[in-house]
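Structure first, then comments.
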Amino acid sequence: MKLSIVSPIYKAENIVEKLVSEIEKEVCKLNITYEIILVDDRSPDNSWQKMKTIAAQNDKVKIVRLSRNFGQHPAIMAGLHFAQGEWVVVMDCDLQDQPKEILKLYNKAIEGYDIVLASREVRKDSFLKKTTSKMFAKLYGYLTESNFDNSVANFGIYNNKVIAEVLNMNDYIKSFPLFVQWVGFERTTIKVEHASRDSGKSSYTYKKLLSLAFNTIISFSNKPLKLFVKFGLLISILSVLVGIINIYQHIVGKISVIGYSSLIVSIWLLSGIIITIIGVVGIYIGKIFDQTKKRKSFIIDKQ
Numbered sequence: 001m002k003l004s005i006v007s008p009i010y011k012a013e014n015i016v017e018k019l020v021s022e023i024e025k026e027v028c029k030l031n032i033t034y035e036i037i038l039v040d041d042r043s044p045d046n047s048w049q050k051m052k053t054i055a056a057q058n059d060k061v062k063i064v065r066l067s068r069n070f071g072q073h074p075a076i077m078a079g080l081h082f083a084q085g086e087w088v089v090v091m092d093c094d095l096q097d098q099p100k101e102i103l104k105l106y107n108k109a110i111e112g113y114d115i116v117l118a119s120r121e122v123r124k125d126s127f128l129k130k131t132t133s134k135m136f137a138k139l140y141g142y143l144t145e146s147n148f149d150n151s152v153a154n155f156g157i158y159n160n161k162v163i164a165e166v167l168n169m170n171d172y173i174k175s176f177p178l179f180v181q182w183v184g185f186e187r188t189t190i191k192v193e194h195a196s197r198d199s200g201k202s203s204y205t206y207k208k209l210l211s212l213a214f215n216t217i218i219s220f221s222n223k224p225l226k227l228f229v230k231f232g233l234l235i236s237i238l239s240v241l242v243g244i245i246n247i248y249q250h251i252v253g254k255i256s257v258i259g260y261s262s263l264i265v266s267i268w269l270l271s272g273i274i275i276t277i278i279g280v281v282g283i284y285i286g287k288i289f290d291q292t293k294k295r296k297s298f299i300i301d302k303q
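In full-length UniProt numbering, the protein residues as written are 1 to 303.
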């Protein structure tokens, strides 16, 4: 098998047939063996029924259904487990990632790259989504001390050795593009055309996006822990300075209430220490707790 195309499916009953048709139309131009792997992330609509119909008529289409809605990135990981191609394309199902760009990605990959990422030249998303995405990219880049390009998402082509290493990562919280960034390998980026949504609207609410951003940051960066420590130490230092000032004011007679200075200094000092301890221990315990449960990040129901 030369090429596998993996796409997580959610609320795509009106576009999944067009997705497969467009992929086949473009991939056939390469004259190589291929497979299309569709992963139903327990979509509440009729996506699974449409997928079954397509798979029954086309032996190049493999379908997988998860036992519940696990999220986009676990669904991608599920699809990757079934991919047999030497090269693997990952793309969203909403046709914003355009199948016609697969040829460009593949031809660039065989020049000698292990990873070719699709950079959206002009994002066809709402102003608010583009703004929040840019803010997250800058925040993540700062916290991880890396260059994170918000024009790049899941869409790209990956050598099977890259996919093997990504699948070996046992992090409880899954983020496919960040896994790809972490594993390294020879890579490049090419500009692609980003389309408007062909049907419906994104299933990512801003609450979900905020939760995803928070979980991603605490899972891939320990800098927040260091910031908590610095914040706690800063409060402790400020409490010492306030204590010195209050002692001076007491000596010169500006403070007549006995015990005021020691009370304020004690409260500030202990607050700084407590914030530091809670920040460090709380986040670490939360991550360790999730990781040590060793729960699957997805469960296959049907295939």
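All C-beta atoms, glycine included, are put in the ideal place defined by N, C-alpha and C. Owing to the predicted nature of the structure, the values given are computational and were not obtained by experimental measurement.
Is residue i buried or exposed, if buried means 16 or more other CB atoms sit within 10 Å of its CB?
i                 : result
aspartate 94      : buried
leucine 103       : exposed
arginine 120      : buried
proline 99        : buried
isoleucine 277    : exposed
phenylalanine 185 : exposed
asparagine 31     : exposed
valine 252        : exposed
methionine 135    : exposed
methionine 169    : exposed
proline 44        : exposed
leucine 241       : exposed
tyrosine 248      : exposed
What is the DSSP secondary structure of residue i, counted as helix, strand or coil?
i              : result
valine 162     : helix
tyrosine 172   : coil
lysine 248     : The question names lysine, but residue 248 is tyrosine in the sequence shown. Three-state DSSP puts tyrosine 248 in a helix.
lysine 191     : strand
aspartate 45   : coil
glutamate 24   : helix
asparagine 154 : strand
serine 119     : strand
proline 177    : helix
tyrosine 34    : strand
aspartate 290  : helix
serine 236     : helix
Consider the Cβ of residue i: report whether some Cβ of chain B lies at a distance smaller than 8 angstroms.
i         : result
valine 90 : The chain inventory of the structure shown lacks chain B, comprising one protein chain alone.
Under the assumption that residue i contacts residue j (Cβ atoms under 8 angstroms), give the Cβ distance between them as a whole number of angstroms.
i              : j             : result
aspartate 40   : isoleucine 9  : 5 angstroms
tyrosine 172   : glutamine 291 : 5 angstroms
isoleucine 283 : glycine 232   : The Cβ separation is near 13 angstroms, so there is no contact.
glycine 79     : valine 6      : 4 angstroms
alanine 16     : isoleucine 36 : Residue 16 is actually valine in this sequence, not alanine. Their Cβ separation, rounded to whole angstroms, is 11 angstroms, which puts valine 16 and isoleucine 36 out of contact at 8 angstroms.
lysine 2       : tryptophan 87 : 7 angstroms
lysine 62      : alanine 55    : 7 angstroms
Exercise for the section: State whether the region 177-186 contacts the region 154-165, with contact taken as three or more CB pairs (one from each stretch) at a distance under 8 angstroms. Expected result: Touching, yes, given that three or more Cβ pairs across the two stretches are closer than 8 angstroms.
Problem - Stretch-stretch touch, CB-based, cutoff 8 angstroms, three pairs: the region 57-69 with the region 88-108 - result: Inter-segment contact for the region 57-69 and the region 88-108 is absent: fewer than three beta-carbon pairs are separated by less than 8 angstroms.
Practice task
Taking only runs that begin and end inside the region 60-85, name each unbroken beta strand (DSSP E) of 3 or more residues, in chain order.
Solution key: Every unbroken stretch of the beta strand (DSSP E) spanning 3 or more residues and falling wholly within the region 60-85 is given here in chain order: 61-66.
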